[in-house]
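K.L.:
First residue of the sequence shown? That's 11 in our numbering, and the numbers climb one at a time after it.
One structure coming up, written as structure tokens, with questions to follow.
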Amino acid sequence: MPRQPENPTGVAPPATAASLARLPRRDILVEALPRMTKPIHEFVPWSIREIEPYVPGKPIEEVERQLNIHDAVKLASNENPLGPSPLAVEAAKKALAQSNRYPDGGGFYLREALSRRHEIPIEKIFLGNGSTEIIDLIARLLLRPDNTGVTAHGTFPLYYIAIRAAGARLAQVPLREYRFDLETMARDLPRDTRLIYLANPNNPTGTMFTADELDAFLGKIPSDAFVVLDEAYCDYVQRSDYSRSLDLVRRGANIMVLRTFSKVYGLAGLRIGYGLGPAGLFEEMNKIRGPFNTSGVAQAAALAALDDVDHVRLSVDANRTGLVQLSQGLVDLGVRPVPSVANFLFAEFGYDTGPLAEELTKRGVIVRPMGWMGFPNALRISVGSHDEIEKFLRVVPDLLPPRAGQKTGTHSKGLQD
11 MPRQPENPTG VAPPATAASL ARLPRRDILV EALPRMTKPI HEFVPWSIRE
61 IEPYVPGKPI EEVERQLNIH DAVKLASNEN PLGPSPLAVE AAKKALAQSN
111 RYPDGGGFYL REALSRRHEI PIEKIFLGNG STEIIDLIAR LLLRPDNTGV
161 TAHGTFPLYY IAIRAAGARL AQVPLREYRF DLETMARDLP RDTRLIYLAN
211 PNNPTGTMFT ADELDAFLGK IPSDAFVVLD EAYCDYVQRS DYSRSLDLVR
261 RGANIMVLRT FSKVYGLAGL RIGYGLGPAG LFEEMNKIRG PFNTSGVAQA
311 AALAALDDVD HVRLSVDANR TGLVQLSQGL VDLGVRPVPS VANFLFAEFG
361 YDTGPLAEEL TKRGVIVRPM GWMGFPNALR ISVGSHDEIE KFLRVVPDLL
411 PPRAGQKTGT HSKGLQD
């Protein structure tokens, strides 16, 4: 009788512990490989897979290298054109010499200084790796898949990203006249809302709502909805009706106010910001943050920058002057920007501004097209130095379509030809 094959199916039998033990290590890895090739996206929750990632502004060095140009200016990321506080630079240099040591994980001295500055107990102050880390941490802490997180459509994208990354449902309320529509948001708030993100001033439109409008909003929402109020650009606002947010924190309201050292203090590259809110909330957030989430260099620079009142004053004054220069220059070109209380201007052009931004970049002027934030016909232009704004206003006319009755001049280089 002919001998039957040991494995008539031709399919290799599953590996066992005994069979693997007889194989060389390299062959064991080969045996295991088919069981370790599941597509990576199948490991990732759908709520994260659908997220459109944040698009940072391109660094000047990258643009100059890619396009082989020099003297590019960046008006894309709302940075302080005066640079960091000189006091902060000196403090950072000294702190750098201690970089072999881990930093103070609680940031005691910086939190103590902020406590004195804002007249708020130190336990109500939380440091973050930029305020963006705190935006993410609060969503991870408070949101669940059966909750809803709420923000505006047409605001800072990291609010939406934090909500979806936490697996919660997302509700977005359209802006009204480029401002947060607090009245509609309160009226249409989903019953399962647990977290609301507000930006005041709003990025990218530069608009604000008043303290009275915020009070009215807070009086209409349920007590189990927590509010995050992002005031990253607060130092530039010159209006007396702007904000009473710190009074709300002192009174123990269910609100967290976000501030940053990235804007008027000029420390964007060091990534340090802070939240002001309930002490009990921060006790829980400390459980899930990284143990050393802010560096010793960043803490030292921020502490010194707080005391550099001259640098803050110069930065605010330069921004006020630059806003006028940039706004009037755009108006003279037939473009009407949205009035801004921040350190940037938002302007609608009436057509897709992606190609316009690309052409500006080729000419050494980096601005921010707003299609990825829901405004395909708009640019956001940061207030730079006088010379940087002048360069933008000198370059952009040749790239705009001619207005009715306007001589085209050198417009033959423009986008619409």
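Backbone N, C-alpha and C fix where the C-beta goes; we use that ideal spot for every residue, glycine too.
Rounded C-beta distance between phenylalanine 356 and valine 348? I'm assuming under 8 Å.
P.N.:
The count along the sequence shown starts at 1 and reaches residue 356 at position 346. The count along the sequence shown starts at 1 and reaches residue 348 at position 338. Correct: roughly 5 Å between the Cβ atoms.
K.L.:
May I ask which residues mark the beginning and end of the beta strand (DSSP E) holding methionine 266?
P.N.:
As a first step, residue 266 must be located in the sequence shown, where it is residue number 256. Methionine 266 -> beta strand (DSSP E) spans 265–270.
K.L.:
Run the CB neighbour count on glutamate 241, radius 10 Å, all protein chains shown included, and call it buried at 16 or more, exposed below.
P.N.:
Indexing the sequence shown from 1 puts residue 241 at position 231. Buried is the call here.
K.L.:
Determine the closest residue to proline 288 out of Leu258, Ala315, Pro301, Phe302, with distance taken between C-alpha atoms.
P.N.:
To locate residue 288, count along the sequence shown from 1; it is residue 278. For proline 288, the nearest C-alpha among the options comes from Leu258.
K.L.:
Determine the direct distance from the alpha carbon of glycine 164 to that of phenylalanine 385, and round the result to whole angstroms.
P.N.:
On the sequence shown, position 375 is the one that residue 385 refers to. On the sequence shown, position 154 is the one that residue 164 refers to. In a straight line, the C-alpha of phenylalanine 385 is about 8 Å away from that of glycine 164.
K.L.:
Enumerate in chain order the residues of its own chain whose CB-to-CB distance from glycine 4 is below 8 Å, with the five nearest sequence positions on each side excluded.
P.N.:
The question about residue 4 has no answer here: the residues shown for the chain are numbered 11 through 427.
K.L.:
Tell me whether the stretch 162–176 and the stretch 211–230 touch, counting them as touching only if at least three CB pairs, one residue from each stretch, are closer than 8 Å.
P.N.:
The stretch 162–176, when compared against the stretch 211–230, does touch it at the 8 Å Cβ threshold.
K.L.:
Leaving out the 5 sequence neighbours to the left and right, which residues in its chain are closer than 6 Å to valine 160 when beta-carbon positions are compared?
P.N.:
On the sequence shown, position 150 is the one that residue 160 refers to. Answer for valine 160: Ala181, Thr203, Ile206, listed in chain order.
K.L.:
Taking only runs of the beta strand (DSSP E) that begin and end inside the stretch 341–400, which ones reach a length of at least 3 residues, in chain order?
P.N.:
Listed in chain order, the complete beta strand (DSSP E) runs (minimum 3 residues) inside the stretch 341–400 are 354–358, 388–392.
K.L.:
At 3 residues or longer, and completely inside the stretch 106–153: list those beta strand (DSSP E) runs for me, N to C.
P.N.:
Listed in chain order, the complete beta strand (DSSP E) runs (minimum 3 residues) inside the stretch 106–153 are 135–138.
K.L.:
Going along the chain, which residues of its own chain have a beta-carbon closer than 8 Å to the beta-carbon of glycine 262, five neighbours each way excluded?
P.N.:
Locating residue 262 in the sequence shown gives position 252, where the first residue counts as 1. These residues qualify, in order along the chain: Pro288.
K.L.:
Under the assumption that valine 405 contacts leucine 85 (Cβ atoms under 8 Å), give the Cβ distance between them as a whole number of angstroms.
P.N.:
Within the sequence shown, the letter at position 395 stands for residue 405. Within the sequence shown, the letter at position 75 stands for residue 85. Between leucine 85 and valine 405 the Cβ distance is about 11 Å, and since that is not below 8 Å, they are no contact.
K.L.:
Quick one: Cα of glycine 381 to Cα of aspartate 362, how far?
P.N.:
Sequence index remark: in the sequence shown, residue 381 carries index 371 (1-based). Sequence index remark: in the sequence shown, residue 362 carries index 352 (1-based). The straight-line gap from Cα to Cα measures roughly 8 Å.
K.L.:
Using the Cβ count rule (16 or more neighbours within 10 Å means buried), how would you classify lysine 103?
P.N.:
Mapped onto the sequence shown, residue 103 falls at position 93. Result: exposed.
K.L.:
Would you identify the three-state DSSP class for proline 83, choosing helix, strand or coil?
P.N.:
For the purposes of this step, residue 83 is taken as residue 73 along the sequence shown, with counting starting at 1. Going by the sequence as given, residue 83 is valine instead of proline. Here valine 83 sits in strand by DSSP.
K.L.:
Near leucine 425, which residues of its chain fall below 7 Å by C-beta distance, leaving aside the five closest residues on each side in sequence?
P.N.:
Counting from 1 along the sequence shown, the entry for residue 425 is found at position 415. Confidence is the limiting factor: at leucine 425 the pLDDT is only 41, short of 50, which leaves the residue's position unreliable, though a coordinate-based value still follows. Only Pro365, Leu366, Glu369, Leu409 meet the Cβ criterion.
K.L.:
Under 8 Å by Cβ, that's how I've got leucine 168 and tyrosine 64 pegged, so tell me the actual separation to the nearest angstrom.
P.N.:
Position 158 of the sequence shown, counted from the first residue, corresponds to residue 168. Position 54 of the sequence shown, counted from the first residue, corresponds to residue 64. Their Cβ separation, rounded to whole angstroms, is 6 Å, which keeps leucine 168 and tyrosine 64 in contact under 8 Å.
K.L.:
When the Cα atoms are used, what is the spatial distance from glycine 279 to proline 69?
P.N.:
Within the sequence shown, residue 279 is the residue found at index 269, counting from 1. Within the sequence shown, residue 69 is the residue found at index 59, counting from 1. Going from the Cα of glycine 279 to the Cα of proline 69 covers about 12 Å.
K.L.:
With a threshold of 6 Å on Cβ separation, who are the neighbours of glutamine 430 within its own chain once the five nearest residues in sequence on each side are excluded?
P.N.:
Residue numbering for the chain in the displayed model covers 11 to 427; residue 430 lies beyond these limits and cannot be assessed.
K.L.:
Just list the residues that DSSP pairs histidine 163 with in beta bridges.
P.N.:
Counted from its first residue, the sequence shown places residue 163 at position 153. Its beta-bridge partners are Pro184.
K.L.:
Check the C-beta distance from alanine 149 over to alanine 314 and give it rounded, since I have them as a contact under 8 Å.
P.N.:
Residue 149 sits at position 139 when you count from the first residue of the sequence shown. Residue 314 sits at position 304 when you count from the first residue of the sequence shown. Not confirmed; about 31 Å, so no contact.
K.L.:
Helix, strand or coil for aspartate 202 per DSSP?
P.N.:
Position 192 of the sequence shown, counted from the start, is the residue given in the question as residue 202. Here aspartate 202 sits in coil by DSSP.
K.L.:
With burial defined as no fewer than 16 other Cβ atoms inside 10 Å of the residue's Cβ, what is the status of threonine 420: buried or exposed?
P.N.:
Taking the sequence shown and counting its residues from 1, the one referred to as residue 420 is at position 410. Residue placement at threonine 420 is poorly supported in this model, since its pLDDT is 34, which falls under 50; the coordinates still yield a value, given next. Exposed, because fewer than 16 other Cβ atoms sit within 10 Å of the Cβ of threonine 420.
K.L.:
For the beta strand (DSSP E) containing aspartate 234, list its first residue and its last residue.
P.N.:
As a working mapping, residue 234 is identified with position 224 in the sequence shown. No beta strand (DSSP E) holds aspartate 234; DSSP gives it neither H nor E.
K.L.:
Name the DSSP bridge partner or partners of serine 179?
P.N.:
Sequence index remark: in the sequence shown, residue 179 carries index 169 (1-based). The residue you asked about is not serine; residue 179 is arginine in the sequence shown. Thr158, per the DSSP bridge assignment.
K.L.:
Count the other CB atoms within 10 Å of the CB of glycine 415; is the residue buried (16 or more) or exposed (fewer)?
P.N.:
Along the sequence shown, one-based indexing puts residue 415 at 405. In this predicted model, glycine 415 has a pLDDT of only 39, less than 50, meaning its place in the structure is not dependable enough to derive any value.
K.L.:
Give me the Cβ distance between isoleucine 282 and glycine 177, rounded to the nearest whole Å; I'm assuming they're in contact under 8 Å.
P.N.:
Here residue 282 corresponds to residue number 272 of the sequence shown, with the count starting at 1. Here residue 177 corresponds to residue number 167 of the sequence shown, with the count starting at 1. The pair is not a contact, with the Cβ atoms about 28 Å apart (cut-off 8 Å).
K.L.:
Measure from the alpha carbon of glutamate 143 to the alpha carbon of each residue in Asn78, Asn264, Thr270, then state which is nearest.
P.N.:
Here residue 143 refers to the residue found at position 133 of the sequence shown. For the residues Asn78, Asn264, Thr270, the minimum Cα distance to glutamate 143 belongs to Thr270.
K.L.:
Name the DSSP bridge partner or partners of arginine 189?
P.N.:
Your numbering for residue 189 matches position 179 in the sequence shown. Answer is Arg186.
K.L.:
Cα separation between asparagine 387 and proline 379?
P.N.:
Taking the sequence shown and counting its residues from 1, one reaches residue 387 at position 377. Taking the sequence shown and counting its residues from 1, one reaches residue 379 at position 369. The alpha-carbon atoms of asparagine 387 and proline 379 are separated by roughly 8 Å.
K.L.:
Can you list, in chain order, the residues of its chain with a C-beta nearer than 8 Å to that of isoleucine 3? Leave out the 5 residues immediately preceding and following it.
P.N.:
The structure shown does not extend to residue 3, since the chain is modelled only from 11 through 427, so no value can be given for it.
K.L.:
Does the distance from the C-beta atom of tyrosine 246 to that of asparagine 353 stay below 8 Å?
P.N.:
Numbered from 1 along the sequence shown, position 236 holds the residue referred to as residue 246. Numbered from 1 along the sequence shown, position 343 holds the residue referred to as residue 353. Yes, the pair counts as a contact, with Cβ atoms nearer than the cut-off.
K.L.:
Let's test the definition: count the other Cβ atoms within 10 Å of the Cβ of histidine 321 and tell me whether it reaches 16, buried, or not, exposed.
P.N.:
Mapped onto the sequence shown, residue 321 falls at position 311. When all chains shown are included, histidine 321 counts as buried.
K.L.:
Count the other CB atoms within 10 Å of the CB of leucine 192; is the residue buried (16 or more) or exposed (fewer)?
P.N.:
Residue numbering aside, residue 192 sits at position 182 when the sequence shown is read from its first letter. It is buried - the Cβ of leucine 192 has at least 16 other Cβ atoms within 10 Å.
K.L.:
With a CB to CB cut of under 6 Å and the five nearest residues on each side skipped, what residues in its chain are close to asparagine 88?
P.N.:
Here residue 88 refers to the residue found at position 78 when the sequence shown is read from its first residue. Excluding positions up to five away in sequence, the list reads Asn353, Phe354, Ser392.
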